[in-house]
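*Asks:*
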């Protein structure tokens, strides 16, 4: 390891300050976040060295196409297309993986860890798919695998869950972790914009992809839910086990109606302990946690209701801490690069002192079946406006043991829209209700289904 | 160090799990927080051991009176009145200082560090008075001095500022860090309760002391402002250099008037970079940061406005991260004990691996004089209701270069209350204005002075 050598010894003409260690960074991926990181290290290098005693030198950068023009000026001499070579390079002390996706990112990360190089990554797909295997690899090599930037952008989430709350029995983590959908929902709620127009707007602002599915169907949020659940409960929960509903079914009328009732509609990622036996081992949690993504009605008194536009926030509840909320920018090059830099500093300090962060992850567990959950629901249904429809529809709720708290009819003429609020009911019963409703002649469309979140304690 | 011995070797009849290290804790202070920590370790000991590989054993507890009855059942055999002996005891691995105040806490902490025992403390007076000297002592001994619980109770603040944001140029930290005053202000704003009644209520609920001065005059918030400023800027800022105004001058009418204008009145602790040269060294910050505590009008669109009752929150702004907010319970036995436990786990892991947390604190710097600051103001003045008063009063503003944005008259009869909102003006000019106003015959009382906070960006 050449960490303590001066930069001159590497053949670079730049004096180093005594007491400042040079850390040679191999950067894999130079897109939005990678470019912002490169720029940040250029611009703030002196300040970072003064504050932390570390001078970061990006010595190799892997990109898919060396000749492509990029907004950040990276010297051609350090560009390469061979990502795997960076994981093996003798002149790289720490690997920063910002290419995203499963392969070849996975191979690069594993190879780097095997070569005893700490890895900093923002790769939510990778971390949410095989957390335990990757942590084990890092533990075997005794180096860090840090991933603060994989969820919540600049918001410190991974570190607080991993360290500050290491002794805490976390009961629920509930977050707005996808800025695109939160932007869409805010525009629908505050400005009366239709779902389709809000999506277009998010696309034109660069928040949403041309194909917005990953965001609006909740895939992105589900990956982050898996990461948060794994950290909160200390047992591996995979993205593929996260139950998921998106926001594409929502209409502006639903969001407006929720607002009139005192609620904001938010797409929530939720990881929650079940009501089963409360044992301390991660194994005991198998089948006894719920990890899910769905739109919900959040009462305006809840701190999450005030999280607007592209912001993210995660609300954490624990036996001793009560309620915490961590709020900030969940995406974007600069904020995400800031989170990567925080990890880079940590990993480098640990490398210099020969230690690494602790992260114990138990065996993979499965969340409880979603059908077992209870909650109050909001359901909107488009029906033919003819006599007896309401009685028929209400009867279907009753047949499935779903008790109606209130009903409202909107619209006039041939068609009408019925909006139901239910008392707390079982998810499976609600699903059966919707299925039976959809089969009725008089029902034209089953629209939005929202879970209604309870009020939060006043914590006074 | 006996960390890896089993508990049996210490003569205690309890089997240990393989791979679990026993950490012997010396607890100094068994009041509200100390008692909660003792209870938490008893109740959650197994779970903490399963999650972290550490079993905490409280082996000595220093209290002021051994014979006093306490809500938590601590074996008489481990109670002592000799706090300093705990800092020297061979059978103590880590010292937790929860007695508060400067002495003898200071001597205990220094002695423990000199004996290479990591120290976890919640002592805001101590940390805000001589941060640099204490950090230097810890660095010399190569052990941790951790103080997450000294500000913001259960909210992870110290760790994110110290670690996650180590590479960030923080421009402003702005917090609601005193739950008592926030409870009082919330009651005044939401429920029309008078200041005096809200204080009495806070006292009866156990939030406020019999003498509420430390809270309402802003002393508590000032200590926390000093700690936050020191962490944010990497240079020592002492509590005694924090400029401070409390809330005792506020009337319910002021809070209600602010609410009508779309603002919530909050007591804010603010640490902010000045507009001077933006250099990276801590020395360059001397005279170029502002650290202060005062009530302010926070626009309802700002996340801090939604922080109600006894909750705390700290809003952090930085060049790369944009805006972050960390929110939670700022006080209380259980939440504060949870923060102490997080530190205890960290300090113990570091002790086992022979490392310690990094904390570089530059030399002590002085904040810029408060008079140099600019802001918009809200001023309320009780005057005799006779012809010409308004012109006279308005003239005084003009004489001191304070430009009035709006004026409203409230009340009828002999007396009237004038409420002014100004354009941005210099603090020194505003102070002179108030002095001149107070000297006028027609002015009966200069009431509340509030700084008006600007809107926050939408971060979209």
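Chains as they are written, first to last, in our numbering: chain A, 2 to 461; chain B, 2 to 461. All residues carry an ideal CB built from backbone N, CA and C; glycine is no exception. All of these numbers come straight from a predicted model, not from anything done at the bench.
1. With C-beta atoms as the reference, is residue 286 of chain B less than 8 Å away from residue 177 of chain B?
2. Any C-beta of chain B within less than 7 Å: which residues of the region 37 to 53 of chain A qualify?
3. Should the region 208 to 224 of chain B be called in touch with the region 357 to 364 of chain B, which here means at least 3 C-beta pairs below 8 Å?
4. Quick check: the Cα distance between residue 307 of chain A and residue 316 of chain B, rounded to an integer number of angstroms?
5. Measure from the alpha carbon of residue 243 of chain B to the alpha carbon of each residue in B:416, B:453, B:126 and B:389, then state which is nearest.
6. Just list the residues that DSSP pairs residue 177 of chain B with in beta bridges.
7. Could you tell me how far apart the beta carbons of residue 491 of chain A and residue 449 of chain A are, in whole angstroms, since I believe they sit closer than 8 Å?
8. Can at least three beta-carbon pairs, one atom from the region 18 to 33 of chain B and one from the region 55 to 66 of chain B, be found at a separation below 8 Å?
9. Mapping DSSP to helix, strand and coil, what is residue 387 of chain B?
10. So, is the C-beta of residue 328 of chain B closer than 8 Å to a C-beta in chain D?
11. Give the interface partners of residue 339 of chain B over in chain A, defined as CB-CB distance under 9 Å, in chain order.
12. Quick one: is residue 393 of chain A near chain B, going by C-beta distance under 8 Å?
13. Figure out for me which residue from B:417, B:302, B:272 and B:134 has the closest Cα to the Cα of residue 443 of chain B.
14. Which chain A residues sit within Cβ distance under 9 Å of residue 186 of chain B?
15. May I have the straight-line CA-CA distance separating residue 1 of chain A from residue 79 of chain A, to the nearest angstrom?
16. I'd like the list of long-range same chain contacts for residue 32 of chain B, defined as Cβ closer than 6 Å, with 5 residues on each side in sequence excluded.
17. May I have a chain-ordered list of the alpha helix (DSSP H) segments no shorter than 4 residues that lie completely inside the region 67 to 155 of chain B?
18. Is the number of C-beta pairs between the region 338 to 351 of chain A and the region 383 to 397 of chain A that are closer than 8 Å three or more?
19. Fully enclosed by the region 228 to 292 of chain A, which alpha helix (DSSP H) runs are 4 residues long or longer?
20. Can you tell me whether residue 6 of chain B is buried or exposed, with buried defined as 16 or more other CB within 10 angstroms of its CB?
21. Identify the continuous beta strand (DSSP E) that holds residue 208 of chain A and give its terminal residues.
22. Please confirm whether residue 315 of chain A has its beta-carbon closer than 8 Å to some beta-carbon of chain B.
23. Run through DSSP, which three-state label would residue 188 of chain A get?
24. Within 10 Å of its beta-carbon, does residue 10 of chain B have 16 or more other beta-carbons around it, so buried, or fewer, so exposed?
25. What are the boundary residues of the alpha helix (DSSP H) that residue 336 of chain B is part of?
26. Using only CA atoms, which one of B:74, B:57, B:58 and B:115 lies nearest to residue 85 of chain B?
27. Once the 5 residues before and after residue 366 of chain B are set aside, which same chain residues still bring their CB inside 6 Å of it?
28. Please list the partners that residue 207 of chain A has in chain B, where partner means a Cβ-to-Cβ separation under 8 Å.
29. Indicate whether at least one CB of chain B lies closer than 8 Å to the CB of residue 335 of chain A.
30. Among B:400, B:354, B:202 and B:355, which has the Cα closest to the Cα of residue 310 of chain B?
31. Going by the beta-carbon positions, is the gap between residue 34 of chain A and residue 106 of chain A smaller than 8 Å?
32. Specify, as a first and last residue, the run of the beta strand (DSSP E) that residue 63 of chain B falls within.
33. Closest to residue 189 of chain B by CA distance: which of B:373, B:389, B:22 and B:252 is it?
34. Tell me where the alpha helix (DSSP H) around residue 435 of chain B begins and ends.
35. Return helix, strand or coil for residue 416 of chain A, following the three-state DSSP convention.
36. Would you kindly work out how many angstroms separate the C-alpha atoms of residue 153 of chain B and residue 456 of chain A, rounded to a whole number?
*Replies:* Inspection of the coordinates gives the following:
1. Contact: no.
2. Taking 7 Å as the Cβ-Cβ cut-off against chain B, the residues of the region 37 to 53 of chain A that qualify are 41, 45, 47, 48, 49, 51, 52 and 53.
3. No, the region 208 to 224 of chain B is not in contact with the region 357 to 364 of chain B.
4. Between residue 307 of chain A and residue 316 of chain B, the C-alpha separation is close to 14 Å.
5. Among B:416, B:453, B:126 and B:389, the Cα nearest to that of residue 243 of chain B belongs to B:126.
6. DSSP, once it has assigned bridges, lists B:314 as partnering residue 177 of chain B.
7. It is not possible to answer for residue 491 of chain A, since the shown part of chain A is limited to 2 through 461.
8. Three or more pairs of CB atoms, one per stretch, sit closer than 8 Å, so the region 18 to 33 of chain B contacts the region 55 to 66 of chain B.
9. Three-state result, residue 387 of chain B: coil.
10. Note that chain D does not occur in the displayed structure, where the protein chains are A and B.
11. Neighbours of residue 339 of chain B on chain A, chain order: 165, 166, 168, 169, 319, 320, 321, 322 and 323.
12. Judged by the 8 Å Cβ criterion, residue 393 of chain A is not in contact with chain B.
13. The shortest C-alpha separation from residue 443 of chain B is found at B:417.
14. Chain A residues near residue 186 of chain B: none, gap ~13 Å exceeds 9 Å.
15. What the structure shows of chain A is the stretch from 2 to 461, and residue 1 of chain A is not part of that stretch, so it cannot be assessed.
16. Cβ-Cβ distances below 6 Å link residue 32 of chain B to nothing in the same chain once the five nearest sequence neighbours on each side are left out.
17. Counting whole runs of 4 or more residues, the region 67 to 155 of chain B contains the alpha helix (DSSP H) stretches 84 to 89, 106 to 115 and 125 to 142.
18. Contact between the region 338 to 351 of chain A and the region 383 to 397 of chain A is absent, with fewer than three C-beta pairs closer than 8 Å.
19. As far as the region 228 to 292 of chain A is concerned, its whole alpha helix (DSSP H) runs of at least 4 residues are 253 to 261.
20. Bear in mind that a pLDDT of 40 at residue 6 of chain B, under 50, signals an unreliable position, so the number given afterwards is only what the model happens to contain. With a 10 Å radius around the Cβ and a threshold of 16 neighbouring Cβ atoms, residue 6 of chain B comes out exposed.
21. Neither: residue 208 of chain A is in no beta strand (DSSP E) and is coded neither H nor E.
22. Not closer than 8 Å to any Cβ of chain B, the Cβ of residue 315 of chain A fails to qualify, so no.
23. Residue state, collapsed to three classes: helix.
24. Because residue 10 of chain B sits at a pLDDT of 38, beneath the cut-off of 50, its placement in the model cannot be relied upon, and the point is left open.
25. Element bounds for residue 336 of chain B: 334 to 354.
26. Residue B:115 is the option with its Cα nearest to residue 85 of chain B.
27. The residues are 236, 286 and 287.
28. Chain order gives no chain B residues near residue 207 of chain A, where near means a beta carbon separation below 8 Å; the closest approach is about 11 Å.
29. Closer than 8 Å: yes.
30. Closest option to residue 310 of chain B, Cα to Cα, is B:202.
31. In this structure, residue 106 of chain A does not lie closer than 8 Å to residue 34 of chain A by Cβ.
32. Secondary structure note for residue 63 of chain B: its beta strand (DSSP E) is the uninterrupted segment 55 to 63.
33. The option with the nearest alpha carbon to residue 189 of chain B is B:252.
34. That run of the alpha helix (DSSP H) goes 428 to 439.
35. Residue 416 of chain A: strand per DSSP, three-state reduction.
36. One alpha carbon belongs to residue 153 of chain B, the other to residue 456 of chain A, and they sit about 23 Å apart.
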